[in-house]
Every structure is written in structure tokens, then in C-alpha cells.
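The sequence shown begins at 125 in this note's numbering and counts up by one.
Even for Gly, the Cβ is constructed at its ideal location relative to N, Cα and C.
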Amino acid sequence: MYTFSLLKNFWIEEEYSRDIVNRIISEHKTSYIIARLLYLVPNLEFEQVPDFLLPKMKNLMPNPNHLLDMPKAVERMYQAIEKKEKITIFGDYDVDGATSSAIIHNYLKSIGIDSEIYIPDRVREGYGPNIAAMKTIAANGTKLLITVDCGTVAFEPLEEAHAQGMDAIVIDHHLGVSDVPKSVAIINPNRLDETTSLKYLCGAGVSFLMVVALNAFLREINVFTEKKEPNLLELLPLVALGTVCDVMNLVSLNRAFVATGLQVLEKWSKSTWGNVGLKALKEVCGIESFDEQTFGFTFGPCINAGGRIGLASLGAKLLTETNHEKALSIAQKLYELNIERRQIEKQMKEEAIFELEQKSETTDFSNIGFIFIGSEKYHQGVIGILASRLKDRYNKPAFVFSQLDGYIKASARSIIGIDLGATINKAVKKRLLIAGGGHAMAGGFSCINEKVEQLKQFFEDEISQKAMELTKIRLQTFACELSLSAVNIELYEEIQKLKPFGQGNPRPLFAIRGVEIVFSQKRGQVHLAATFMDESGATLKGMFFSFFEHCSDMDFKNLEKERLDVLCEISLNEWNGRKTIELMIKDIAISGNISTPSLYG
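Shown next as C-alpha cells:
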């Protein structure tokens with residue numbers, strides 16, 4: 125039997141092996157709760173536990189030269205350095221593109237080499253290299269073009285780059301096809317002919333490996349006998365930022381990237397050295413301390429805002445700026461753009477939900493495998509966020525498009541089990557799209573108006589049935605049950621041993637049963653702040669963000685009379701030097717409201 129919740133989820137406790145949990149406790153000297161949570165980490169082998177709990181670069185860093193074409197790329201970069209050729213870095217307009225560009229630019233600068241960064245305009249140029257940009261870059265005297273977080277399927281633009289006399293190095297992580305574009309080297313762990321295990325890296329991670337390989341080569345030929353060798357650890361906050369914001373699995377090397385990057389960033393906050401742009405953004409955003417949530421919910425949205433609704437190059441400019449006052453000015457602009465982006469997103473979301481729920485014949489979407497919606501009013505820079513919001517709300521893959529002059533530009537977000545990147549690549553091969561690409565959980569494409577219905581039918585044939593099967597029942601797993609009195613600072617600190625949290629290692633969810641609301645307050649229009657008490661008299665405060673998007677004021681009054689079960693994360697609130705534990709509520713159910721999924725499927 126399953127708990128059936130307010131959000132129409134079925135709760136189920138994760139299964140675990142007592143024998144293996146006891147073995148983890150015995151051999152790795154952990155507490156019971158840590159052993160229980162470690163058991164639940166996907167694909168974590170028993171012998172990997174020490175590196176998971178203490179992810180160190182020296183233990184997890186591979187030889188970057190095992191990646192296909194890495195030696196070729198290092199050799200060509202060294203030639204450019206020796207001949208003092210002009211180098212241009214072409215990056216994507218998102219956080220991964222900005223951090224990837226900054227990693228290579230900042231490293232080259234640290235060894236006395238200037239380079240330029242070119243970030244395409246999201247609306248005017250779209251994703252990845254384009255022919256017009258190749259001509260512009262070549263006209264500026266560039267001899268070596270380095271694409272980061274893009275380029276794997278840029279066949280015609282890189283042909284043009286070659287025709288314009290430029291050599292190209294592609295540094296990417298997006299899924300490729302059987303052919304490769306014209307280039308000196310394509311370094312991509314997701315090349316179809318690549319055998320590396322590093323397929324979970326983002327563009328920033330691959331760019332860092334490129335820098336490590338180049339730095340090792342320069343050390344071998346004694347370049348650093350006459351100049352100081354750069355400290356590559358100083359680049360890790362950028363790698364961490366790109367990794368978190370591109371929602372990559374925090375496994376193995378990615379865990380080391382993020383954990384070490386956060387440690388370096390924390391040291392910067394107490395010193396006069398460090399990345400000037402990140403420190404300026406910290407100042408503008410009013411951040412006191414850093415964790416992966418700072419990256420994902422504060423820094424990332426601000427840097428992305430430039431590419432979404434402002435000047436696409438602002439993010440990369442911030443991360444490469446060395447003057448504090450200039451960096452503050454850029455950071456302030458990005459902060460303001462992000463506020464504007466949130467307002468645009470709110471309006472678009474309200475219009476989309478009205479279109480889907482009020483003007484549609486059905487409101488349960490039981491016979492719909494995916495969301496496909498668009499408007500000429502939708503801002504191109506925000507359609508990806510709207511796709512993510514609709515995917516979360518309806519638990520279905522979501523395609524959101526902006527209607528332009530003769531064609532649509534779309535962004536898509538998926539659910540686990542539906543590989544959008546592969547599906548979009550298939551549509552490209554069938555010539556249904558002007559262009560498109562992505563990875564399993566996200567993608568984007570453009571399509572002429574005449575083929576939109578044909579494209580929608582293609583998605584219907586490819587993913588609809590499977591998506592309906594995957595989303596027929598909304599299961600929400602949780603780690604284990606806790607009593608309210610067991611939730612304290614000591615437990616919180618134990619759980620923090622599993623950081624960094626993120627994709628592939630989410631913050632653990634716990635079920636607390638039999639509580640009642642003894643105090644409540646509406647925060648803003650949609651958030652709920654409440655104090656919960658169990659039968660023993662133990663109390664804790666909790667926050668349920670966006671609660672009133674799912675529950676009316678009248679329904680909430682009825683809930684206040686009930687015994688409740690809550691599904692929550694355990695959070696620490698720091699205010700004026702005082703630390704208190706709070707519950708971050710993710711779902712609520714009336715105690716005893718249980719059933720089997722088939723009744724609601």
C-alpha cells in the first residue's frame with residue numbers, strides 16, 4: 125500500500141539490504157543513517173564509498189590524453205602559442221558555455237596568451253557555430269578556432285571555418301552522430317566512437333581536461349622553468365559552476381570537481397585573490413557562504429539571464445573580467461536581467477497553464493504523452509525554463525516553442541526514460557528540422573511552419589506511448605521515515621557528509637508521519653510557512669514553496685484540521701549567528717490516505 129498525496133504522488137520507501145548497510149557501517153565506519161543513504165546512491169559500488177564521501181582530485185583525476193584527439197588538440201594549441209596566432213573561443217550562451225569559455229581564456233591568459241571569446245546571440249544566431257559568425261571571426265585574423273560546449277554537429281559552419289583559413293578544435297559533450305565535422309580535433313566523451321567512462325562530464329569539465337593536458341605538455345617541454353606555472357585549482361570553481369548548472373550527474377570526477385571547486389571558492393571569499401567576476405556576483409547577490417545550491421539557484425540563473433534576455437556575452441565577460449569595478453557593473457546588470465527574466469517566466473507560465481487546462485477539453489492529460497505548446501508571444505530566451513516548469517507540473521516531456529517569421533524555435537525537457545537528444549537527432553536525420561540537438565534530458569530545435577504538424581506526429585510516434593507508460597503512476601520515493609523529534613542539527617550535519625548534492629545524488633527525502641499544523645502563514649502569493657507538531661509535542665518549522673499553486677485557501681483550512689504526513693528535506697536556517705533546523709516540505713498527505721497505484725493510474 126502507498127501513501128497518496130496532495131500532489132497526487134504515491135509515496136514509497138526505498139528498499140535496502142540490511143546486510144549491505146551493516147557492512148558499510150562496519151568496514152567504512154559510518155553511522156547508520158549515512159550507510160542507509162549510501163546504499164541508495166545509484167550505481168555506487170562498495171569499494172567506491174571512500175571516494176564518494178571524500179572526493180579528491182588526486183584520486184579521481186584521469187589522464188586526459190586517453191580522450192580521442194586530445195594529443196592532436198594539444199599539439200595544435202602549442203603551435204598557436206608558439207607562432208602567436210590569434211585564438212578565438214566560440215562558446216554557447218548558457219552557463220556551461222560561459223564557464224567553458226572562461227576556463228580556456230583564463231588559462232591562456234595566465235601563461236601570457238591573449239584570446240578572444242565569441243558568444244552567439246540566442247535569438248539572432250541560435251545555438252552553436254554558424255556560417256556568418258565563422259566569416260566574422262576569420263576576418264578578425266583568427267587562425268585557431270576553439271568551440272566549447274558546442275560544435276560536434278556543426279558540419280557546414282566548420283567547413284566554412286576551414287575555407288576561411290581557420291583550424292578548429294571542438295570541445296563538447298553533446299551527443300554526436302556517426303560523422304564528424306571538419307576539424308583538427310574533436311574532444312567529446314559522447315562521440316559515438318569514444319570509449320571513455322567520462323560521458324557524464326559537461327563542457328566545462330571537458331574544457332578543464334583540455335587545459336590539464338596542455339599544461340602537462342608545457343611542463344614536459346620546460347616552459348615553466350622561466351615563468352610561473354599556473355595553479356589549475358583556481359579554475360575549479362568555474363568547472364563546478366558549469367557542472368551544477370548543466371545538471372550533470374554528480375558522480376566520480378564530477379563530485380571532485382564540485383567539492384573542490386566549492387572549497388576553493390570559500391577560500392576566495394576570505395582573501396583578496398580569486399576569480400573577480402564570481403566574487404562580484406557574490407557581492408551583488410548578497411551571498412554569505414557557498415554550496416551547490418548557490419550555483420544552481422543564484423549564480424546560474426544570473427549568468428544565464430544574459431544569454432536569455434540580454435547580451436549573450438555578459439556571462440563570459442563576467443567570468444573573465446579582472447577589474448573589480450567593471451565586474452561589479454556586469455554582475456549588477458546580470459542580477460537585474462534575472463529579475464526581469466523571472467517576471468517574463470511568470471507571465472508565460474500563467475498563459476501556458478491557462479491554455480492547457482482551461483481551454484483544453486481535458487484537464488487530466490491522461491491520454492497525452494507529452495506537452496507541445498507555443499506562441500508568438502513566448503520569449504525565445506525563456507522557453508527552456510517554461511518547458512522545465514511544465515515538465516515538472518505535468519510529469520510529462522514538454523516541448524515549448526516560440527513562433528517566428530515562417531518557423532518555430534523550440535526547447536524541450538524530458539523525464540527519466542525518454543531520451544530527447546536521441547529523438548531530436550533522429551528528427552534531424554529525417555529532415556524534419558532545420559537544426560537540433562541536445563542530450564537525454566534536454567534539447568532544442570528549429571523547424572519551418574510547414575513541418576510542425578508532421579514533427580508533432582513524429583514525436584507522437586516516437587515517445588508518446590512510452591511516456592504515458594512511464595507517467596501513468598507518479599511514484600515518489602523517500603529514504604526512510606523519521607520522527608519529528610529525531611530531526612536535529614546532529615542529523616543535519618551527518619547528512620551533509622554526502623555533499624555535494626545534485627543530479628544523481630539528490631538531497632535525501634524523509635517521511636515524517638502523524639503531525640499537525642499548529643501555526644501557519646502565507647508567504648507571498650503561493651508559499652506556505654508552518655510549524656508542525658507530533659503527538660509527543662515535538663515541533664519544527666517548515667517551508668512549502670509554491671504550496672498554494674496546488675491547494676486553495678479553503679482546502680488548506682481543511683488540512684489544518686487533519687493529522688498529516690509530510691515528505692521533506694532537512695535544512696539549516698542561519699540568521700544573526702543562530703542556527704535552527706527547518707523542514708523543506710516537498711509534499712503533504714492526510715495520514716492514513718493510502719491506496720494502490722492501480723486505483724489512480
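Per-residue burial, residue i [other beta carbons within 10 Å of its own, 16 or more giving buried]
{"i": "L581", "result": "Looking at the sequence provided, one finds Gln at residue 581 rather than Leu. With fewer than 16 other Cβ atoms within 10 Å, it is exposed."}
{"i": "I241", "result": "buried"}
{"i": "K207", "result": "exposed"}
{"i": "F419", "result": "buried"}
{"i": "I345", "result": "exposed"}
{"i": "E350", "result": "exposed"}
{"i": "T271", "result": "buried"}
{"i": "T212", "result": "buried"}
{"i": "P166", "result": "exposed"}
{"i": "I613", "result": "exposed"}
{"i": "Y251", "result": "buried"}
{"i": "L696", "result": "exposed"}
{"i": "G725", "result": "Any reading at G725 must be qualified, since the residue scores a pLDDT of 39, below 50, and its modelled position is unreliable; no value is offered."}
{"i": "L723", "result": "With a pLDDT of 40 at L723, under the threshold of 50, the predicted position of this residue should be treated as unreliable, and no value is reported."}
{"i": "V642", "result": "exposed"}
{"i": "D303", "result": "exposed"}
{"i": "G661", "result": "exposed"}
{"i": "T367", "result": "buried"}
{"i": "F134", "result": "buried"}
Three-state secondary structure (DSSP) of residue i
{"i": "K153", "result": "coil"}
{"i": "D711", "result": "strand"}
{"i": "L557", "result": "coil"}
{"i": "R142", "result": "helix"}
{"i": "L723", "result": "Unreliable positioning characterises L723 in this predicted model, as indicated by a pLDDT of 40, which lies under 50. The coordinate reading is nonetheless provided below. Residue state, collapsed to three classes: helix."}
{"i": "D316", "result": "The sequence as given places Leu at residue 316; Asp does not occur at that position. Coil at L316, not helix or strand."}
{"i": "Y202", "result": "helix"}
{"i": "A546", "result": "helix"}
{"i": "L696", "result": "strand"}
{"i": "L683", "result": "helix"}
{"i": "G221", "result": "helix"}
{"i": "F128", "result": "strand"}
{"i": "I718", "result": "strand"}
{"i": "L325", "result": "coil"}
{"i": "T396", "result": "coil"}
{"i": "N346", "result": "coil"}
{"i": "Y251", "result": "coil"}
{"i": "D291", "result": "strand"}
C-beta atoms of residue i and residue j nearer than 8 Å
{"i": "Y163", "j": "I149", "result": "no"}
{"i": "N629", "j": "L374", "result": "yes"}
{"i": "N717", "j": "T127", "result": "yes"}
{"i": "R246", "j": "Q504", "result": "yes"}
{"i": "L633", "j": "F602", "result": "yes"}
{"i": "G666", "j": "E706", "result": "yes"}
{"i": "L268", "j": "D291", "result": "yes"}
{"i": "D218", "j": "A328", "result": "no"}
{"i": "F671", "j": "H651", "result": "yes"}
{"i": "R142", "j": "I293", "result": "no"}
{"i": "D711", "j": "L131", "result": "yes"}
Sheet register partners of residue i (DSSP bridge)
{"i": "Q600", "result": "W135"}
{"i": "A635", "result": "E605 and L691"}
{"i": "Q527", "result": "I532"}
{"i": "I641", "result": "F656"}
{"i": "I158", "result": "In DSSP, I158 forms no bridge with anything."}
{"i": "H229", "result": "DSSP output for H229 lists no bridge partner at all."}
{"i": "K351", "result": "Bridge partners of K351: none, in fact."}
{"i": "S570", "result": "K533 and A559"}
{"i": "L664", "result": "F656"}
{"i": "S588", "result": "Note: S588 sits in no beta bridge, so no partner."}
{"i": "K646", "result": "L652"}
{"i": "S499", "result": "S526"}
{"i": "G401", "result": "According to DSSP, which records beta bridges pairwise, G401 is partnered with nothing at all."}
The region 157–175 in contact with the region 350–363 per 3-pair CB rule at 8 Å: no
Three or more C-beta pairs below 8 Å linking the region 410–417 and the region 222–229: no
contact_flag[the region 301–312, the region 191–205] where n(CB pairs < 8 Å) is 3 or more: yes
Three-pair Cβ contact test at 8 Å for the region 524–544 versus the region 279–289: no
Touch test, the region 604–613 against the region 515–523, Cβ-Cβ under 8 Å, three pairs minimum: no
Inter-stretch contact (C-beta, 8 Å, three-pair minimum) for the region 586–600 and the region 264–278: no
Inter-stretch contact (C-beta, 8 Å, three-pair minimum) for the region 634–642 and the region 690–706: yes
Touch test, the region 437–445 against the region 470–481, Cβ-Cβ under 8 Å, three pairs minimum: no
Inter-stretch contact at 8 Å, needing at least 3 Cβ pairs: the region 638–655 / the region 390–403: no
Meets three-Cβ-pair contact criterion under 8 Å: the region 396–403 and the region 375–387: no
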